[in-house]
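Colleague:
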């Protein structure tokens, strides 16, 4: 889903949709894990975002699908010619598992992904590992709720 960050960029892809090159303008690991944790805690859809420069990618993660919108960065109403929609049959639980795995594998690179703030990388890594542990526990806790033919309400 997310590739190893390189030179301030990472690729994001889901089954059935194009690959999107996201830049360092968002601290993707921290922002996306925070949204995923909230989504699993509340069992409500959540949204993650990333910059394609000059476009913006929004991915709404619902219970059973993801809806991706790529829009112009301009601060004006959406125009059809500047908006791209894509859908992936990727569930919230599957999205969260991919997110956990992809960030865990390259935790050092994700801790230093946004370094223009000149934060302590070791402190960021510690915080990221704490968030990953919380996400892992929520995934295990909610796994049964997302079982086949189950309702989680």
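Residue numbers (my numbering): 100 to 252. C-beta atoms are modelled at their ideal positions from N, C-alpha and C, and glycine is treated no differently. The structure displayed is predicted, hence computed values, not measured ones.
(1) Using CA coordinates, which residue listed in 108, 125, 112 is at the minimum distance from residue 197?
(2) Taking 8 Å as the threshold, find out whether the stretch 113-123 comes into contact with the stretch 142-159 through three or more Cβ pairs.
(3) Leaving out the 5 sequence neighbours to the left and right, which residues in its chain are closer than 8 Å to residue 205 when beta-carbon positions are compared?
(4) What whole-angstrom Cβ distance do residue 101 and residue 201 have, given they're in contact under 8 Å?
(5) Label residue 209 either buried or exposed according to how many other C-beta atoms from any shown protein chain fall within 10 Å of its C-beta, with 16 as the threshold for buried.
(6) On a CA-only basis, which of 246, 235, 245, 243 is nearest residue 136? Give me that one, please.
(7) With DSSP run on the structure shown, which of helix, strand or coil describes residue 108?
(8) Report the option in 203, 162, 199 whose CA atom is closest to the CA atom of residue 187.
(9) Is the CB-CB distance between residue 230 and residue 129 below 8 Å?
(10) In the DSSP assignment, find the unbroken beta strand (DSSP E) run with residue 205 in it and report its ends.
(11) Pick from 221, 184, 227: whose alpha carbon is nearest that of residue 115?
(12) Buried or exposed, going by whether 16 or more other CB atoms sit within 10 Å of the CB of residue 138?
(13) Given a cut-off of 8 Å, decide if residue 191 and residue 160 are closer than it, judged by their beta-carbon atoms.
Modeller: Concretely, from the data shown:
(1) In the chain shown, the residue the question calls residue 197 occupies position 98. The shortest Cα separation from residue 197 among 108, 125, 112 belongs to 112.
(2) The answer is yes - the stretch 142-159 touches the stretch 113-123, with three or more Cβ pairs under 8 Å.
(3) The sequence position of residue 205 within the chain shown is 106, counting from 1. Within the same chain, and ignoring the five residues on either side of residue 205 in sequence, the residues whose Cβ sits closer than 8 Å to its Cβ are 103, 104.
(4) By one-based count along the chain shown, residue 101 stands at place 2. By one-based count along the chain shown, residue 201 stands at place 102. Yes, residue 101 and residue 201 are in contact; Cβ-Cβ is about 4 Å, under 8 Å.
(5) On the chain shown, position 110 is the one that residue 209 refers to. Per the 10 Å Cβ criterion, buried.
(6) In the chain shown, residue 136 corresponds to position 37, counting from 1. The shortest Cα separation from residue 136 among 246, 235, 245, 243 belongs to 235.
(7) Taking the chain shown and counting its residues from 1, one reaches residue 108 at position 9. Here residue 108 sits in strand by DSSP.
(8) Taking the first residue of the chain shown as 1, we reach residue 187 at position 88. Residue 187 has its Cα closest to that of 162, out of 203, 162, 199.
(9) On the chain shown, position 131 is the one that residue 230 refers to. On the chain shown, position 30 is the one that residue 129 refers to. A contact, by the Cβ cut-off of 8 Å.
(10) Indexing the chain shown from 1 puts residue 205 at position 106. Taken as a continuous stretch (DSSP letters only), residue 205 belongs to no beta strand (DSSP E), as it is neither H nor E.
(11) Residue 115 sits at position 16 when you count from the first residue of the chain shown. Among 221, 184, 227, the Cα nearest to that of residue 115 belongs to 184.
(12) In the chain shown, counting from the first residue as 1, residue 138 sits at position 39. Classification for residue 138: buried.
(13) Start at 1 with the first residue of the chain shown, and residue 160 comes out as number 61. Start at 1 with the first residue of the chain shown, and residue 191 comes out as number 92. In this structure, the beta-carbon distance from residue 160 to residue 191 falls below 8 Å.
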